[in-house]
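Remarks on the structure that follows.
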Amino acid sequence: MMVANMIEDSSDARQASSQPAWAELVDKIKQNDTTGLEELYRVFSRGVRFYLCKQLGPQDLDDRVHDTFLTVAQAIQRGDLREPERLMGYVRTIVRRQIAAQIEENVQSRKHEIDLDWGLAVRDAGSDPEQIAIQSQSEDIARKVLKSIAPRDREVLIRFYLEEQTAEQICGEMSLTETQFRLLKSRAKARFGKLGKRKVTRRLVPFSEIRWPSITLKGWRKS
Amino acid sequence: MLLPKKEAAMQFEAARHASDEVLEQYAMGRLDAGAVQALEEHLLICSGCQDNLTFADAYQKSMRNAALELRRQSSAQATPHGKKWFRGLVGLPKPVWILGMAALALLVATESRWPLIHSSVAQPALVLLESKRGAESPLNSSTPAAKPFTLVLDLTALPPFPQYRLEIVDAAGRAVVGSTAAPANNELRATVAKGLPAGMYYVRVYAPGPELLREYGFPVGN
């Protein structure tokens with residue numbers, strides 16, 4: 288019952304069920320079948336892009352996605368993926384390695400750039416003005432939500448979101464039931480959504496609705 | 016009864032979405048490693064959950080920053096309140112003062128080891144370091160220069176270790192502070208008691224060995 292509470296059916300979710308049979312897909316890629324590569328790209332491109340963008344930001348995103356697909360395809364062809372059913376986990380591992388490698392590269396390049404002593408040609412590390420404006424509006428709304436509720440409810444939310452206390456701890460110390468705690472959180476979230484509807488959601492484009500340029504696999508070579 | 020973390024470690028079946036609660040726990044770095052793996056694999060193929068996670072991230076970050084600001088405001092208001100209390104004390108009639116002084120003198124006479132009173136010990140500022148940002152685009156909160164601060168590092172998606180090594184380097188890559196810390200609730204906390212001079216700094220998190228796991232950037236202001 289608890290697990291059932293945490294995952295939800297929806298018609299949209301059924302789209303996710305259209306995932307291919309992994310073994311068949313892996314087999315196609317091993318045989319250098321172009322349709323296999325296309326399917327691999329179709330299934331994972333948005334997710335890989337999302338994950339990379341979330342962890343590393345939008346810089347060089349296309350190149351990184353491309354590199355990831357080449358790595359995955361080549362690894363499958365080499366026979367590195369022994370259990371085709373674990374393809375999702377394998378792709379995730381490769382994406383995580385790419386992220387770790389990118390961070391390491393950033394650290395090294397920063398060291399070298401400093402050693403060259405070219406003066407301070409430091410890249411602007413801040414957000415772009417639009418991101419700053421969106422974040423600022425979002426925080427205004429959150430502040431309004433927190434100010435509009437009873438002090439006790441505000442304390443619950445501050446403990447949860449700022450002090451990162453566990454739900455158990457908050458409920459125990461503030462004599463709340465699990466249901467009361469969840470209701471409080473969901474009402475605050477609903478109010479945030481309602482207040483932000485006019486300001487923020489108009490400007491935020493869901494990740495899935497962004498039109499990304501298509502990437503060809505021209506650079507791909509069978510190893 | 017509340018959901019224990021391990022309950023979240025379900026396999027995400029086809030035709031199922033992650034609930035808002037799971038996404039919130041993930042955004043806050045509170046899912047355990049098994050659940051994180053299952054969710055991240057699901058996120059690779061589910062655009063609906065990607066959108067929901069984007070919203071959960073934005074909401075959680077906004078609430079946290081707003082709560083931090085409200086907490087700072089209420090702390091700032093606490094000082095004038097203290098003065099008001101003191102003014103009220105001064106306004107008390109003389110006999111009360113005389114009795115009070117007598118009690119104080121009695122206490123001093125009987126207590127040879129008068130305990131030290133630490134007045135207004137400065138609370139270190141919180142610097143929240145999150146994992147969801149570009150490697151070259153640190154969006155973390157800042158802290159004033161030369162003031163104590165506590166780093167709160169989000170360990171989302173990092174391999175679990177009993178202890179991590181931390182290193183703070185300046186913009187030139189020179190190590191300025193080094194320490195080790197044990198995680199709690201999927202975060203690391205480390206206090207820099209003397210603070211740092213103004214500038215851009217990077218916190219590096221290492222595995223117990225030499226492997227660099229993550230780097231966070233944060234500015235120290237004037």
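Here the protein sequences line up with chains U and H, keeping their order.
Residues in the first sequence are numbered from 288 upward in steps of one, following this note's numbering.
Residues in the second sequence are numbered from 16 upward in steps of one, following this note's numbering.
Glycine included, C-beta positions come from ideal geometry on N, C-alpha and C.
Asked	Found
Reference U:Ala475; option with closest CA among U:Ile457, U:Val359, U:Lys431, U:Glu455	U:Lys431
Nearest-angstrom beta carbon gap, H:Arg180 and H:Val234 [assumed within contact, 8 angstroms]	In the sequence as displayed, the identity of residue 234 of chain H is Pro instead of Val. H:Pro234 to H:Arg180, Cβ: 23 angstroms. No contact.
Given U:Arg365 as reference, the closest of U:Lys317, U:Gln424, U:Asp349, U:Leu433 once Cα atoms are compared	U:Lys317
Local conformation of H:Ala190 per DSSP, three classes	strand
Beta-carbon neighbours of H:Glu202, restricted to chain U and to distances below 8 angstroms	Glu451
Of the residues H:Val191, H:Ala160, H:Glu202, the one placed nearest H:Leu166, counting alpha carbons only	H:Glu202
Contacts of U:Ala437 in chain H (Cβ-Cβ under 8 angstroms)	Going along chain H, no residue has its Cβ under 8 angstroms from U:Ala437, so there is no contact; the nearest lies around 14 angstroms.
CB contact check: U:Ser462 to chain H, cutoff 9 angstroms	no
First and last residue of the uninterrupted beta strand (DSSP E) at U:Ala420	That residue, U:Ala420, is in no beta strand (DSSP E); its alpha helix (DSSP H) goes 416 to 435.
Where U:Leu348 sits in the DSSP three-state scheme	helix
C-beta neighbour in chain U for H:Pro60, strict 9 angstroms	Reading off the sequence, residue 60 of chain H comes out as Ile, not Pro. Closer than 9 angstroms to some Cβ of chain U, the Cβ of H:Ile60 qualifies, so yes.
Same chain only: Cβ atoms within 6 angstroms of U:Asp367, ignoring 5 sequence neighbours per side	none
Beta carbon proximity, H:Met78 to chain U, threshold 9 angstroms	yes
Any C-beta of chain H under 9 angstroms from that of U:Ala420	no
Whole-angstrom distance between U:Asp349 and H:Met43, CA atom to CA atom	28 angstroms
9 angstroms Cβ cutoff met for H:Leu68 and H:Ala33	yes
H:Gly236 versus H:Thr158: straight-line alpha-carbon distance, rounded	6 angstroms
Beta carbon proximity, H:Asp35 to chain U, threshold 9 angstroms	yes
Terminal residues of the alpha helix (DSSP H) in which H:Leu54 lies	48 to 60
CB contact below 9 angstroms: U:Ala362 versus chain H	no
DSSP bridge partner residues for H:Arg229 (one or two, in chain order)	H:Val220
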